[in-house]
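Each residue of the sequence shown is one higher than the one before, counting from 497 in this note's numbering.
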Amino acid sequence: DVDTVLQQLIAMDYDQRARSPCIGQERADLVMAGCAILEAIRRTWPCQTLRVADRGLREGALTQLMSADNAWLPPKKGRWPRKKQR
497 DVDTVLQQLI
507 AMDYDQRARS
517 PCIGQERADL
527 VMAGCAILEA
537 IRRTWPCQTL
547 RVADRGLREG
557 ALTQLMSADN
567 AWLPPKKGRW
577 PRKKQR
């Protein structure tokens with residue numbers, strides 16, 4: 497579960513993250529920023545499932561996926577994207 501993984505990562509120091517085969521030295525310092533971003537996304541768009549891409553995404557692809565899952569509506573002109581009311 498996501499909460500468990502986040503807590504495990506938070507509990508690790510840099511060296512532990514660097515030795516982890518899933519993280520490695522190249523990402524040991526970046527993974528914590530990724531955790532913060534993931535948590536912000538989860539708070540902004542609460543959902544039961546989360547689709548993860550293993551490649552880079554552009555904003556258009558992300559909004560298309562979120563729209564398909566009914567998790568996002570396009571913004572009104574000149575306004576920030578809003579959550580879809582359920």
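All C-beta atoms, glycine included, are put in the ideal place defined by N, C-alpha and C.
Run of the alpha helix (DSSP H) containing residue i, from where it starts to where it stops
i: MET508; result: Premise fails: MET508 is in no alpha helix (DSSP H) and is neither H nor E.
i: LEU558; result: 555-564
i: CYS531; result: 527-540
Euclidean distance between Cα positions of residue i and residue j
i: PRO517; j: THR559; result: 31 Å
i: CYS641; j: ALA536; result: Residue 641 cannot be examined here, being either before or after the span of the chain that is shown, 497 to 582.
i: TYR510; j: ALA524; result: 6 Å
i: ALA514; j: GLN521; result: 4 Å
i: ALA557; j: ASP497; result: 25 Å
i: LEU534; j: TRP541; result: 10 Å
i: VAL548; j: LEU561; result: 10 Å
i: LEU502; j: ILE519; result: 13 Å
i: ASP565; j: THR500; result: 24 Å
Next on the checklist: Check whether the segment 528-544 and the segment 502-511 are in contact - that is, three or more C-beta pairs closer than 8 Å.
Outcome noted: yes
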